[in-house]
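Be aware that the sequence shown starts at 4, since it is given in this note's numbering, and climbs by one per residue.
Reviewing the structure listed below.
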Amino acid sequence: MKSCGIVVEYNPFHNGHLYHLHKAKEATKADVVIAVMSGNFLQRGEPALVSKYFRTKMALENGVDIVVELPYAFATQRADIFAKGAIDILNSLRCSYLCFGSESGHIEQFLKTYDLMQEKENEYNQFVKLFMKEGFSYPEATSRAFKNILYENHLLDLSKPNNILGYHYIKAMKDLHSDMEPVTIKRVNSGYHDISLSPSNISSATSIREALFETKRLEAIKKQVPLESYNLLVHYHEKFHTFVRWENLWPYLKYRILQSEPEELKEIYEIEEGLENRFIRFAKDSITFHEFMEKVKTKRYTWTRLQRACVHLLTNSRKTMMHKRSKRAEYIRLLGFTKKGRAYIRQNKDHFTLPIISKLSQADREIIRLDVKASHIYSFAFQTEIGQQVINEEFQQPPIIKTY
């Protein structure tokens with residue numbers, strides 16, 4: 004059985020994701036699709052709208068065959084580390100293909116760009132340092148460095164977010180000497196950061212979340228998501244009474260900041276260069292998370308970078324631990340599968356290069372500690388009794404099996 008790997012967050016699973024999934028199957032002719040999916044906190048430093056198990060259900064209902072979790076140590080990272088962890092896991096699962104969405108849509112551009120960047124790596128690194136000295140954020144510095152290196156028109160536009168991720172997928176595959184064949188699908192209609200719903204019914208996840216929180220009505224996004232996703236979102240809201248966003252967790256973050264000394268905060272991953280002082284200064288007078296972020300944000304620190312630092316503060320993820328856990332993937336946590344997915348696992352499990360975890364009792368508590376802490380913190384977004392359900396789910400929920 005041949006498998007196609009995809010890297011996803013599904014926050015929530017929408018029509019654009021369904022398009023990508025169909026195109027991935029069409030382009031690769033794979034027997035199964037394996038999704039490595041972020042857990043309860045995401046790459047942009049946000050809590051997931053709904054829990055990882057409900058997002059797993061969305062994936063299985065819409066055609067994914069196996070869902071595994073991208074560990075916290077990779078899921079809440081900048082693009083290169085995020086990509087490294089995802090590719091390491093998909094490679095360990097013996098995927099034949101990797102399929103990702105991009106603004107480019109041409110895999111040759113990614114491969115040529117990678118080759119050129121290998122030749123000019125030292126020059127690129129010098130540009131990054133130069134732009135960061137000028138006060139630009141790391142993403143902006145890398146984007147400007149890319150532009151200085153990639154002067155040929157037929158190469159990749161690395162100012163686009165999905166092109167950037169795609170480039171790092173390719174680099175991770177090369178670094179790991181992976182045999183996966185890369186395939187890219189051109190994104191249609193909405194942009195990654197678009198905040199308004201598209202009339203075409205393929206909208207960004209950002210715009211769907213914005214519409215949901217602005218209107219407080221699920222009907223507002225019904226045309227933007229598959230029916231299976233919509234029904235699961237309805238069920239989730241009936242069960243948990245809320246969709247999660249940063250405002251749910253702001254009281255706990257504010258407490259965490261204000262009860263800490265600056266020296267304590269400096270130990271937290273991504274808290275650097277006096278950021279601890281800005282956090283303490285502005286947390287005191289901020290009523291909402293959004294107000295806090297508006298005050299803290301600078302030219303050097305992007306919204307995404309600051310959100311990730313906030314996540315690490317909540318989970319008390321220290322620099323030493325994050326560096327240790329993000330070197331290489333250490334396990335595969337199985338969240339769900341279909342009948343075809345189960346057949347693939349049975350056929351290949353003796354050849355997987357990482358241990359599969361389907362129950363926490365099977366896991367080395369040290370290597371999975373960050374994921375467990377993240378789920379505990381995520382549960383704070385709910386009322387006390389419901390939050391306990393979320394914690395219980397982390398420890399008791401077996402992989403979700405779709406048998407029909």
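Ideal Cβ positions, reconstructed from N, Cα and C, are used throughout, including at glycine.
Put residue i into one of helix, strand or coil per three-state DSSP.
i	result
F130	helix
A366	coil
E276	coil
K28	helix
G339	strand
L45	coil
P358	coil
I403	strand
K189	strand
S140	coil
Y172	helix
E64	helix
K177	helix
H244	coil
D91	helix
R212	helix
P1	Here the chain comprises residues numbered 4 to 407, so residue 1 is not present and cannot be evaluated.
E264	coil
N14	coil
I290	coil
R349	helix
R220	coil
Q80	coil
Would you report the Cα separation of residue i and residue j, rounded to the nearest angstrom?
i	j	result
A86	E231	28 Å
H23	I371	30 Å
E122	C98	29 Å
A214	I224	7 Å
K28	R368	36 Å
T301	E137	13 Å
N351	L96	8 Å
I380	I167	30 Å
E111	Q392	47 Å
N65	P229	8 Å
V375	K298	31 Å
N125	S162	20 Å
Q129	G48	28 Å
V67	P164	24 Å
M465	N94	Past the edges of the chain, shown from 4 to 407, lies residue 465, and the structure says nothing about it.
T145	G390	40 Å
E397	K189	35 Å
D288	E267	21 Å
A82	D182	21 Å
A366	T387	27 Å
F134	Q262	35 Å
E276	F282	12 Å
K60	I290	35 Å
K109	K115	Here residue 109 turns out to be His, not Lys, going by the sequence shown. Going from the Cα of H109 to the Cα of K115 covers about 11 Å.
Q117	K174	Note that residue 117 corresponds to Tyr in the displayed sequence, not to Gln. Using only the alpha carbons, I get a separation of about 7 Å.
Should residue i and residue j be called a contact, given that it needs their Cβ atoms to be closer than 8 Å?
i	j	result
A312	P74	no
V247	A384	yes
L373	A76	yes
E402	S361	Per the sequence shown, the amino acid found at residue 402 is Pro instead of Glu. Yes.
L45	A51	yes
I404	F340	yes
S54	A33	no
S140	Y304	yes
F103	Y170	no
S107	L159	yes
D91	L221	no
F113	T218	no
Y13	A62	yes
G88	S329	yes
Y255	L309	no
V36	I9	yes
A286	F292	no
F57	Y233	no
According to DSSP, residue i sits in a beta bridge with which residue or residues?
i	result
Y100	C7, E184
A38	I9, V70
R284	Its beta-bridge partners do not exist; DSSP assigns none.
S271	Before going further, note that residue 271 is Ile rather than Ser in the sequence given. According to DSSP, which records beta bridges pairwise, I271 is partnered with R321.
P50	F44
S146	Beta-bridge pairing links S146 to no other residue.
S105	K189
Compute every distance between the C-beta of residue i and the non-hydrogen atoms of the ligand ADP, then say whether any falls below 7 Å.
i	result
N319	Because no ligand of any kind appears in the structure shown, any question about the ligand ADP cannot be addressed here.
Does residue i come within less than 8 Å of chain D when only Cβ atoms are used?
i	result
E273	The displayed structure is made up of one protein chain only, and chain D is not part of it.
- Answer yes if the stretch 267-285 comes into contact with the stretch 320-328, meaning at least three C-beta pairs across the two stretches below 8 Å, and no otherwise. yes
- Contact the stretch 198-218 vs the stretch 10-25: 3+ CB pairs below 8 Å: yes
- Message: Measuring CB atoms only, is the stretch 244-259 touching the stretch 60-75, in the sense that at least three cross pairs come out at less than 8 Å?
- Response: no
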